[in-house]
Amino acid sequence: EAAVTQSPRSKVAVTGGKVTLSCHQTNNHDYMYWYRQDTGHGLRLIHYSYVADSTEKGDIPDGYKASRPSQENFSLILELASLSQTAVYFCASSEDIYAEQFFGPGTRLTVL
Amino acid sequence: GQQVQQSPASLVLQEGENAELQCNFSSTATQLQWFYQSPGGSLVSLLSNPSGTKHTGRLTSTTVTKERRSSLHISSSQTTDSGTYLCAPYQGGRALIFGTGTTVSVSP
């Protein structure tokens, strides 16, 4: 079965600090995604990638960077964390843009 | 951009009752997925249904592409069905656009 793991599972960060969220998939999928979930907003796409060493902006990329060093790994980087970035972050992977997406367990980020 | 509306926002059922969840979206979608999010937060894809009717277990999805709507029918609900159901149509080759979901609570 598809496996997407995320680390850390939860994190408390200080305003202005740097945060890196990591995602690893063993599905051999080309596509990987980062979403954030806020109460009342559902999930929103931050960045995605369809090949190593390349990333694409999603719908809410401001304040976030992404890195895809290999097919298996996809990171989300908050260079200067802000209070408004407190949310649950999900990583997902899929074989192609139209295929079923498999989600990781999520990372709960709290910025104080 | 794509707007997704799900209704009802919440639903309370007695075990064994059926439920109908609705999803309406503003732009043509070439693919649509339904997801289940558990009370603990984990997300699972239930089925993909860009058009027509699809069944999986006690779930039936019907998507009418021209009318930009999809429904998810849950038959003979069980307490383990409690959670949030999310509809996510694709928008023109971009990734999924999620609705805010329908929260279902099934009591024994």
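One line per chain: the protein sequences are H and E, in this order. If you count the first sequence from 1, position 94 lands on 94 in the numbering used here, and the numbers rise without skipping. Here the numbering used here runs 1000 ahead of the position in the second sequence, where the first position is 1. By construction, the Cβ of each residue, glycine as well, lies at the ideal position given by its N, Cα and C atoms.
Delimiting residues of the beta strand (DSSP E) encompassing residue i
i	result
Asn73 of chain H	Asn73 to Leu78
Ala92 of chain H	Ala87 to Ser94
Arg9 of chain H	Element bounds for Arg9 of chain H: n/a, residue is neither H nor E.
Ser1070 of chain E	Arg1069 to Ile1074
Tyr1090 of chain E	Neither: Tyr1090 of chain E is in no beta strand (DSSP E) and is coded neither H nor E.
Thr1080 of chain E	That residue, Thr1080 of chain E, is in no beta strand (DSSP E); it is neither H nor E in DSSP.
Arg108 of chain H	Thr107 to Val111
Phe1025 of chain E	Ala1019 to Phe1025
Any C-beta of chain H under 8 Å from that of residue i
i	result
Phe1098 of chain E	yes
Tyr1090 of chain E	yes
Gly1101 of chain E	yes
Cβ of residue i within 8 Å of any chain E Cβ
i	result
His29 of chain H	no
Pro105 of chain H	yes
His119 of chain H	Because chain H is modelled from 1 through 112, residue 119 of chain H falls outside the range shown and cannot be assessed.
Tyr50 of chain H	no
Leu112 of chain H	no
According to DSSP, residues forming a beta bridge with residue i
i	result
Phe102 of chain H	H:Ser93
Ser1045 of chain E	E:Phe1035
Thr1062 of chain E	E:Thr1053 and E:Ser1071
Ala81 of chain H	The partner list for Ala81 of chain H (beta bridge, DSSP) is empty, contrary to what the question assumes.
Val14 of chain H	DSSP output for Val14 of chain H lists no bridge partner at all.
The ligand SAH heavy atom lying under 7 Å from the CB of residue i
i	result
Tyr1090 of chain E	Inclusion of the ligand SAH in the displayed structure is not the case, the ligand content being empty and no account of it being possible.
If contact means a Cβ-Cβ distance below 7 Å, which residues of the segment 62-78 of chain H contact chain E?
none
Contact set between the segment 1027-1038 of chain E and chain H, restricted to residues whose Cβ is under 9 Å from the partner
Thr1030, Gln1031, Gln1033, Phe1035 and Gln1037
What runs of the beta strand (DSSP E), each 3 residues or longer, lie entirely inside the segment 18-64 of chain H?
19-25, 31-38, 42-51 and 54-57
Taking only beta carbons into account, state which residues of the segment 75-100 of chain H come closer than 9 Å to chain E, listed in chain order.
Val88, Phe90, Ala92, Ser94, Ile97, Tyr98, Ala99 and Glu100
Residues from the segment 1039-1067 of chain E in contact with chain H, defined by Cβ distance under 8 Å
Gly1041, Ser1042, Leu1043, Val1044, Ser1045 and Ser1048
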